[in-house]
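Notes for the one structure printed next.
There are 2 protein chains.
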Amino acid sequence: MKLSDFSTFDQTTPSWLITNDTTSQIVLSSRVRYARNLAGFPFPNKATNSELAGILDIINMAFKDGERIPEFLNPIEYIAFDKISPLQAEFLVERHLISPDFIHGLKLNAKPQSPNSNLNTGRAVFINEDENVSLMVNEEDHLRFQVLSAGYDFTNGLKMLNALDDGLELILRYANSPQYGFLTSCPSNVGTGLRASVLIHLPGLVLTKEIEKVLRAIWQIGYNVRGFFGEGTETRGHFFQISNTVTLGQSETEIVEGIEKITNQLIGYEEKARDYMLKNTRKELEDKIYRAYAILSSARLIASQEALNLLATVRLGVAMNIITKTSIQRINQLMLLIRPANLQVFYNQEMSALERDEKRASLIHSLLNENSISNQILSPK
Amino acid sequence: MKLSDFSTFDQTTPSWLITNDTTSQIVLSSRVRYARNLAGFPFPNKATNSELAGILDIINMAFKDGERIPEFLNPIEYIAFDKISPLQAEFLVERHLISPDFIHGLKLNAKPQSPNSNLNTGRAVFINEDENVSLMVNEEDHLRFQVLSAGYDFTNGLKMLNALDDGLELILRYANSPQYGFLTSCPSNVGTGLRASVLIHLPGLVLTKEIEKVLRAIWQIGYNVRGFFGEGTETRGHFFQISNTVTLGQSETEIVEGIEKITNQLIGYEEKARDYMLKNTRKELEDKIYRAYAILSSARLIASQEALNLLATVRLGVAMNIITKTSIQRINQLMLLIRPANLQVFYNQEMSALERDEKRASLIHSLLNENSISNQILSPK
Chain A
1 MKLSDFSTFD QTTPSWLITN DTTSQIVLSS RVRYARNLAG FPFPNKATNS
51 ELAGILDIIN MAFKDGERIP EFLNPIEYIA FDKISPLQAE FLVERHLISP
101 DFIHGLKLNA KPQSPNSNLN TGRAVFINED ENVSLMVNEE DHLRFQVLSA
151 GYDFTNGLKM LNALDDGLEL ILRYANSPQY GFLTSCPSNV GTGLRASVLI
201 HLPGLVLTKE IEKVLRAIWQ IGYNVRGFFG EGTETRGHFF QISNTVTLGQ
251 SETEIVEGIE KITNQLIGYE EKARDYMLKN TRKELEDKIY RAYAILSSAR
301 LIASQEALNL LATVRLGVAM NIITKTSIQR INQLMLLIRP ANLQVFYNQE
351 MSALERDEKR ASLIHSLLNE NSISNQILSP K
Chain B
1 MKLSDFSTFD QTTPSWLITN DTTSQIVLSS RVRYARNLAG FPFPNKATNS
51 ELAGILDIIN MAFKDGERIP EFLNPIEYIA FDKISPLQAE FLVERHLISP
101 DFIHGLKLNA KPQSPNSNLN TGRAVFINED ENVSLMVNEE DHLRFQVLSA
151 GYDFTNGLKM LNALDDGLEL ILRYANSPQY GFLTSCPSNV GTGLRASVLI
201 HLPGLVLTKE IEKVLRAIWQ IGYNVRGFFG EGTETRGHFF QISNTVTLGQ
251 SETEIVEGIE KITNQLIGYE EKARDYMLKN TRKELEDKIY RAYAILSSAR
301 LIASQEALNL LATVRLGVAM NIITKTSIQR INQLMLLIRP ANLQVFYNQE
351 MSALERDEKR ASLIHSLLNE NSISNQILSP K
């Protein structure tokens with residue numbers, strides 16, 4: 001695949017980042033995913049190349065049986081890992097369409113004679129046009145499929161996930177046990193196979209230095225917390241992903257309700273922290289936000305990490321009505337486009353780190369100001 | 001003295017910072033000063049309070065004999081140290097009208113019953129209206145007088161210094177020896193008593209990391225180099241003061257020619273470094289400069305040290321025609337006005353550190369853009 005074959009992706013913002021809902025100011029997006037395996041085949045890490053290829057063939061056939069696959073999956077893009085470059089794989093990771101684990105350990109574009117070339121065999125991903133649904137084949141499990149939703153919304157995501165699961169189950173035979181539920185490669189996914197998560201922006205808690213305490217509490221009651229894009233060594237990023245750790249012994253409703261409860265608490269804490277800053281440290285807050293906006297508007301070279309941290313700060317400024325020249329929507333879009341692989345796909349050009357820093361700065365200049373250019377789909381070509 | 005009594009200073013830029021000469025882009029100012037002592041009195045550090053008071057009386061009388069004092073000293077401001085606040089003393093240091101040593105060790109505004117109150121006795125400074133001439137009484141020597149000139153210019157300064165010295169010598173009897181010349185409190189000033197220095201802006205050498213090597217070479221051939229305002233722990237400042245270390249065994253001409261020779265070399269190195277950056281690292285250079293300008297234009301709070309470092313970077317940008325919205329002149333003015341004591345005198349108001357950071361940011365906003373307000377004398381009141 002040529003880089004330009006990814007051009008259907010590069011000019012649009014995925015639907016899960018497009019939103020006008022005010023709740024999405026704090027919760028960027030919600031994600032649900034199932035882990036499933038085909039009965040009668042070993043898990044991917046134990047499977048031979050021909051078994052992996054066989055699994056992929058079966059799943060491919062299921063998708064060709066269009067009647068049982070929900071409408072929202074049409075048209076679907078099929079990407080096989082022995083056909084793409086490391087840059088293209090990284091692009092898919094940055095867009096949250098495949099997991100980082102899926103490409104770590106894979107030797108992309110390995111030559112056929114290479115002993116590692118088999119790592120790509122039977123690995124693929126299906127992605128729908130809106131980019132809110134993706135299915136990885138032969139990652140840790142035979143099938144991992146997810147639905148991403150804009151803002152804080154599990155209802156729609158679960159409905160879509162179930163529709164897809166039901167459609168596939170009419171064609172495929174899943175490995176499951178009457179006692180445990182769905183069987184998975186890692187015990188932490190056994191049962192419902194459901195993982196639910198939110199991507200949440202907590203700059204108020206970061207700036208008021210409450211974040212460590214809050215995250216530790218979440219971790220202690222049994223949920224996973226990890227920093228999301230925007231982590232630097234100097235500046236702690238502002239984005240976090242909260243997800244359930246256990247899928248066994250809990251119903252889907254309980255899993256999702258647990259995440260919802262924590263998310264509501266986090267939203268409450270974050271709002272309190274923002275109120276506190278407005279009342280007590282408004283000058284310092286404005287200083288941080290205006291500086292971030294000014295640097296983004298004027299830098300001629302900017303690294304990915306610095307840009308993400310500054311965009312996160314400006315995002316807070318927009319949410320608090322301190323910055324009015326741009327929008328949450330535009331910042332969400334930029335946070336994705338400026339990442340190294342996305343930037344190169346956007347410009348349809350492989351670049352050195354210095355070239356990227358320059359293009360990134362110039363892309364931010366042209367897009368940061370909401371009114372500077374049309375809000376329509378962009379083409380740099 | 002009330003803070004507002006300093007208002008004659010606060011609205012003007014001293015003449016030695018006003019210049020349109022292009023050579024002043026690198027050399028900000030030149031300074032010459034004489035150290036002199038009255039015959040028949042002990043040096044200040046050995047003198048009693050009444051001797052110090054006596055010395056001051058004699059020098060005061062000399063100034064009242066107006067006919068022998070050069071025209072450029074009229075009108076002259078007389079400031080006695082037992083009448084001013086620590087803030088006012090700091091203000092004079094920041095404006096280079098008195099030495100930092102002159103106020104260290106002095107207990108300003110000490111109550112009469114305090115055992116340290118005598119430290120202020122007999123200490124004073126005379127300053128002319130243009131602020132280019134000042135005379136300290138009873139610092140390390142009975143008399144230390146200096147002429148500051150804009151840009152790279154010793155000729156005028158020495159002429160004025162000599163005129164003043166000749167005028168005073170008609171009235172006062174200086175301590176001198178046929179063998180050594182003028183006698184001074186510290187041996188390093190014996191002889192001519194002349195110290196000559198330039199204040200030089202070397203951002204090109206700092207950014208290309210050549211500066212350490214160059215400064216070490218200057219130090220090794222027997223000249224003093226010290227960082228000037230703009231030193232931070234993170235960012236090395238861009239301003240340096242180069243002066244002679246020895247006054248004995250060299251004529252005035254030799255001293256000044258020595259400094260001139262080094263200054264010419266430094267100007268050459270600095271120009272080469274700037275050319276190098278334009279040719280090889282222009283993007284990185286522009287990035288630094290535009291960021292500095294953007295932060296200065298948008299910060300709501302800014303500390304003195306950070307502001308000085310950023311102003312120094314913008315100053316380079318103006319000199320290299322990368323920034324055109326402001327001028328060298330305006331930046332010279334700001335570098336002085338934003339210093340802690342000057343800022344408070346300018347606003348005629350004692351302020352906490354946080355208040356200063358806020359006022360400093362707002363002063364920079366209103367003055368940085370050359371066309372934003374009149375270039376005339378400003379009044380914030």
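Keeping their order, the protein sequence lines are chains A and B.
Numbered per the numbering used here, the first sequence spans residues 1 to 381.
Numbered per the numbering used here, the second sequence spans residues 1 to 381.
For each residue, glycine too, the CB sits at the ideal point set by N, CA and C.
Being a predicted model, the structure only gives us computed values, none of them experimental.
Beta-carbon separation (whole angstroms), residue i vs residue j, contact threshold 8 Å
{"i": "Asp101 of chain A", "j": "Glu139 of chain A", "result": "7 Å"}
{"i": "Tyr269 of chain A", "j": "Ile242 of chain A", "result": "With 8 Å as the limit, Tyr269 of chain A and Ile242 of chain A do not qualify as a contact, their Cβ atoms being about 13 Å apart."}
{"i": "Val32 of chain A", "j": "Leu161 of chain A", "result": "5 Å"}
{"i": "Ser298 of chain B", "j": "Arg315 of chain A", "result": "Actually they do not touch by this definition, with Cβ atoms about 17 Å apart."}
{"i": "Tyr34 of chain A", "j": "Phe145 of chain A", "result": "6 Å"}
{"i": "Ile259 of chain B", "j": "Ala217 of chain B", "result": "Wrong, their Cβ atoms sit about 15 Å apart, outside the cutoff."}
{"i": "Glu358 of chain B", "j": "Lys272 of chain A", "result": "Contact flag wrong, Cβ pair sits at about 26 Å."}
Residue i to residue j span [Cα, whole Å]
{"i": "Ser366 of chain B", "j": "Arg356 of chain B", "result": "15 Å"}
{"i": "Ala124 of chain A", "j": "Ser327 of chain A", "result": "35 Å"}
{"i": "Leu73 of chain A", "j": "Leu28 of chain A", "result": "23 Å"}
{"i": "Ala361 of chain B", "j": "Ala353 of chain B", "result": "12 Å"}
{"i": "Glu231 of chain B", "j": "Ser15 of chain A", "result": "Note that Glu231 of chain B scores a pLDDT of 43, beneath 50, so its modelled location is shaky and nothing firm can be said."}
{"i": "Ala312 of chain A", "j": "Gly204 of chain A", "result": "11 Å"}
{"i": "Leu168 of chain A", "j": "Met320 of chain A", "result": "44 Å"}
{"i": "Arg68 of chain B", "j": "Leu170 of chain B", "result": "7 Å"}
{"i": "Ile323 of chain A", "j": "Asn60 of chain A", "result": "48 Å"}
{"i": "Leu308 of chain A", "j": "Asp287 of chain B", "result": "18 Å"}
{"i": "Lys213 of chain A", "j": "Arg330 of chain A", "result": "31 Å"}
{"i": "Ala150 of chain A", "j": "Gln349 of chain B", "result": "52 Å"}
{"i": "Leu202 of chain B", "j": "Phe63 of chain B", "result": "39 Å"}
{"i": "Lys46 of chain B", "j": "Ile18 of chain B", "result": "40 Å"}
{"i": "Thr263 of chain A", "j": "Ile211 of chain A", "result": "14 Å"}
{"i": "Glu254 of chain B", "j": "Gly227 of chain B", "result": "24 Å"}
{"i": "Asn132 of chain B", "j": "Gln333 of chain B", "result": "15 Å"}
{"i": "Leu266 of chain B", "j": "Leu285 of chain A", "result": "42 Å"}
{"i": "Asp407 of chain B", "j": "Leu301 of chain A", "result": "This structure gives no information on residue 407 of chain B, because the portion of chain B shown stretches from 1 to 381."}
{"i": "Gln220 of chain A", "j": "Lys261 of chain A", "result": "15 Å"}
Of the listed residues the options, nearest to residue i (C-alpha basis)
{"i": "Asn244 of chain A", "options": "A:Asn45, A:Gly40, A:Asn189", "result": "A:Asn189"}
{"i": "Thr121 of chain A", "options": "A:Ala303, A:Ala307, A:Thr48", "result": "A:Thr48"}
{"i": "Leu87 of chain A", "options": "A:Asn369, A:Trp219, A:Gln344, A:Arg360", "result": "A:Gln344"}
{"i": "Tyr174 of chain A", "options": "A:Phe41, A:Cys186, A:Ala303", "result": "A:Phe41"}
{"i": "Thr13 of chain A", "options": "A:Arg282, A:Asp130, A:Phe240", "result": "A:Asp130"}
{"i": "Phe239 of chain B", "options": "B:Val206, B:Leu248, B:Leu17", "result": "B:Val206"}
{"i": "Ala163 of chain B", "options": "B:Val198, B:Val147, B:Lys83", "result": "B:Val147"}
{"i": "Asn176 of chain B", "options": "B:Asn37, B:Phe346, B:Asn348, B:Ile18", "result": "B:Asn37"}
{"i": "Leu56 of chain A", "options": "A:Lys209, A:Asp65, A:Phe43, A:Val137", "result": "A:Val137"}
{"i": "Ser30 of chain B", "options": "B:His96, B:Glu254, B:Leu52", "result": "B:His96"}
{"i": "Leu310 of chain A", "options": "A:Arg300, A:Met335, A:Lys325", "result": "A:Met335"}
{"i": "Gly181 of chain B", "options": "B:Lys209, B:Ile211, B:Val225, B:Gln250", "result": "B:Gln250"}
{"i": "Lys2 of chain B", "options": "B:Ile26, B:Ile18, B:Ser85", "result": "B:Ser85"}
{"i": "Cys186 of chain B", "options": "B:Ile338, B:Leu363, B:Phe43, B:Pro340", "result": "B:Phe43"}
{"i": "Glu94 of chain A", "options": "A:Asp82, A:Pro340, A:Phe346", "result": "A:Pro340"}
{"i": "Lys279 of chain B", "options": "B:Thr208, B:Asp65, B:Gln333, B:Val318", "result": "B:Thr208"}
{"i": "Ile200 of chain B", "options": "B:Asp5, B:Gln25, B:Ser50", "result": "B:Gln25"}
{"i": "Leu52 of chain A", "options": "A:Gln265, A:His142, A:Phe6", "result": "A:His142"}
{"i": "Leu172 of chain B", "options": "B:Ile289, B:Asp65, B:Ile79", "result": "B:Asp65"}
{"i": "Leu368 of chain B", "options": "B:Leu296, B:Lys159, B:Tyr347", "result": "B:Leu296"}
{"i": "Leu194 of chain B", "options": "B:Met351, B:Phe91, B:Tyr152, B:Leu158", "result": "B:Leu158"}
Chain B contact residues for residue i, given Cβ-Cβ distances below 7 Å
{"i": "Arg291 of chain A", "result": "Ile295, Ser298, Ala299"}
Beta-carbon neighbours of residue i, restricted to chain B and to distances below 8 Å
{"i": "Asp82 of chain A", "result": "Within chain B, no residue comes near Asp82 of chain A; the closest Cβ sits about 38 Å away, beyond 8 Å."}
Closer than 7 Å at the beta carbon, the chain A residues around residue i
{"i": "Asp287 of chain B", "result": "Ala299, Arg300, Leu301"}
{"i": "Glu284 of chain B", "result": "Leu301"}
_Residues from the stretch 294-306 of chain B in contact with chain A, defined by Cβ distance under 7 Å_ = Ala294, Ile295, Ser297, Ser298, Ala299, Arg300, Leu301
*asked:* So if I threshold CB-CB distances at 8 Å, which residues from the stretch 260-282 of chain A count as touching chain B?
replied: The stretch 260-282 of chain A vs chain B, Cβ under 8 Å: nothing.
*Which residues, in chain order, does the stretch 346-374 of chain A contribute to contact with chain B at a C-beta distance below 7 Å?*
Glu358
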